[in-house]
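Here the protein sequences come in this chain order: V and G.
Start counting the first sequence at 0; every next residue gets the next number (numbering that gives the first Met the number 0).
Start counting the second sequence at 0; every next residue gets the next number (numbering that gives the first Met the number 0).
Glycine included, C-beta positions come from ideal geometry on N, C-alpha and C.
Note that the structure is a prediction, hence the values are computed from the model and not measured.
Number of protein chains: 2
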Amino acid sequence: MTHPPLVLRLLEALRRLPGVGPKSAQRMAFHLLERDREGALRLSLALQEALEGVGRCRRCHNLSEGELCPICSNERRDGQVVCVVESPADVQALEQSTGFQGRYFVLGGHLSPLDGVGPDELGLEQLAAQVAEGEVQEVIIATNPTVEGEATAHYISELLAASGARITRLAHGVPLGGELEYVDSGTLSRAFHGRREVQ
Amino acid sequence: MTHPPLVLRLLEALRRLPGVGPKSAQRMAFHLLERDREGALRLSLALQEALEGVGRCRRCHNLSEGELCPICSNERRDGQVVCVVESPADVQALEQSTGFQGRYFVLGGHLSPLDGVGPDELGLEQLAAQVAEGEVQEVIIATNPTVEGEATAHYISELLAASGARITRLAHGVPLGGELEYVDSGTLSRAFHGRREVQ
């Protein structure tokens, strides 16, 4: 005996979520069907509405309900600085912590040839075109400090090298609040060799 | 700047899933909207269809598309033995591993007065009524070996004490494949005092 077919289909659909395996999918499905049918209905509607109403910003490719996202349509943001990030979550994180007043460009991932993600999928051509228009003075590459993120950052810096814009990268170093003893050697080495004069 | 309202609503709906916090909800939402819109649509439809098509079996309260689930409507299952479990997942687990040929009764949780889950919510009255009909010879209580599961098992055994049916409980002991050294003391004590003659 297995579950009813409709439950099986729900389990399958839940398993497509990142980080959800067979056991969590089962837990979620039973929770929704046994304890929180209202939550299940809400989720179903929220998914549908988001699919219909949320697209990408024409300029920065961030998720947006309008053709231009609130940041790109905000006249007071500085169009001379563009920060390139992998995902909308990164925009959120930078907005909350840096006071950055420029614009963003959301890649929606990183270069990953094996998964079929090349420069086209990340919209790098549009990024290059925007920089080539001449307004942009600095491109801050804020891809993740992972192997793939670094490779993507390298590719972008090469791509934009001839544009005349300043290309920068987030600083590497020891994270605040950590203990040196537990910092990985790559980070420690970067922090050591990138040491700064005390002001 | 925060996310578009429709994305916020999706994040909220995802957070109602068990085990999903703000970060995972964000990861799921972006994954669905950026990389797997087809998966999002499927999930939305699967939820809707399951909500419409999946109810509970009239007899055992397991999830079922029909009024009676396949186990309850199977004439060859033994109606003299009823196994009481907390969730449909437990039915699945027992079916896969025990060869049990009786029927089940799914509580849909355990007694938890603080969460407003009492005997009524678990359908214990119906269970008692079914046992009182006289066909049932043995009730196997297979609630989880947790504090709440044990309390629920205790309550059920008291409730059915006068019914004349044999009330049994899953055996406690050391799990197969483990090392004694790592078995918790409660389990070890139960296994020791419940030791059996070698056949």
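Sequence-distant partners of valine 84 of chain G (beyond 5 residues in either direction) whose C-beta falls short of 8 Å from its own C-beta, in its chain, are Val90, Leu93, Tyr103, Phe104, Val105, Leu106, Ala141 and Thr142. Counted as a single uninterrupted DSSP element, the alpha helix (DSSP H) harbouring threonine 186 of chain G occupies residues 184-192. Pairing histidine 60 of chain G with leucine 40 of chain G, the inter-Cα distance amounts to about 29 Å.
Per DSSP, glycine 148 of chain G is one residue of the alpha helix (DSSP H) stretching across 146-159. Phenylalanine 191 of chain V counts as exposed, since fewer than 16 other C-beta atoms from the protein chains shown sit within 10 angstroms of its C-beta. Within the model, the alpha-carbon separation for glutamine 95 of chain V versus serine 86 of chain V is close to 15 Å. At least one CB atom of chain G sits nearer than 7 Å to the CB of proline 87 of chain V. Of G/Phe99, G/Arg55, G/Gly115 and G/Ser156, the smallest CA-CA separation from glutamate 66 of chain G is found for G/Arg55.
Per the Cβ contact rule, the region 178-190 of chain V is not in contact with the region 147-158 of chain V (fewer than 3 Cβ pairs under 8 Å). Judged by DSSP in its simplified three-state form, serine 72 of chain G adopts coil rather than helix or strand. Residues of the region 8-34 of chain G with a Cβ closer than 9 Å to any Cβ of chain V, in chain order: Arg8, Leu9, Leu10, Glu11, Ala12, Leu13, Arg15, Leu16, Pro17, Gly18, Val19, Lys22, Ser23, Gln25, Arg26, Met27, Ala28, Phe29, His30, Leu31, Leu32, Glu33 and Arg34. In this structure, leucine 5 of chain G keeps its C-beta atom at 7 Å or more from the C-beta atom of methionine 27 of chain G.
Between the alpha carbons of arginine 165 of chain G and leucine 123 of chain G lies a gap of roughly 17 Å. Among the residues of chain V, those whose CB is under 9 Å from the CB of leucine 42 of chain G are Leu9, Ala12, Leu13, Arg15, Leu16, Leu42, Ser43 and Leu46, following chain order. In this structure, arginine 8 of chain G sits near alanine 45 of chain V, with a CB-CB distance shorter than 7 Å. Within the DSSP secondary-structure output, threonine 167 of chain G pairs in a beta bridge with G/Ile139. The residues Ala127, Val130, Val138 and Ile166, in chain order, have a CB closer than 7 Å to that of leucine 159 of chain V in the same chain once the five nearest residues on each side in sequence are set aside.
Only residues of its own chain outside the window of five on either side were considered, and among them Gly52, Val53 and Gly54 have a CB closer than 8 Å to the CB of glutamate 64 of chain V, listed in chain order. For a Cβ distance threshold of 9 Å, residue set Leu50 of chain G lies close to arginine 36 of chain V, ordered along the chain.
Listed in chain order, the non-local C-beta contacts of histidine 171 of chain V below 8 Å within the same chain comprise Pro144, Thr186, Arg189, Ala190 and Gly193, local neighbours out to five positions each way being set aside. Looking from the CA of glutamate 37 of chain G, the closest CA among V/Leu50, V/Asp35, V/Leu42 and V/Leu31 belongs to V/Leu50. Taking the C-beta atoms as reference points, alanine 88 of chain G is found no nearer than 7 Å to glutamine 125 of chain V. Assigned with DSSP and collapsed to three states, serine 86 of chain G falls in coil, not helix or strand. What leucine 106 of chain G touches in chain V, judged by beta-carbon distance under 9 Å, is nothing: the nearest beta carbon there is about 10 Å away. Rounded to the nearest angstrom, the Cβ distance from glycine 101 of chain V to arginine 76 of chain V is 6 Å, consistent with a contact under 8 Å.
With a threshold of 16 other beta carbon atoms within 10 Å, glutamine 79 of chain V falls short and is exposed. Only residues of its own chain outside the window of five on either side were considered, and among them Val116, Gly117, Pro118, Leu121, Glu147, Ala150, Thr151 and Tyr154 have a CB closer than 8 Å to the CB of leucine 110 of chain V, listed in chain order. Put simply, the backbone Cα of leucine 62 of chain V is about 16 Å away from that of cysteine 82 of chain V. Inter-residue distance for asparagine 73 of chain G and glutamate 48 of chain V is about 42 Å (C-alpha atoms, whole angstroms). With respect to histidine 30 of chain G, proline 69 of chain V sits apart: the two C-beta atoms are not nearer than 7 Å.
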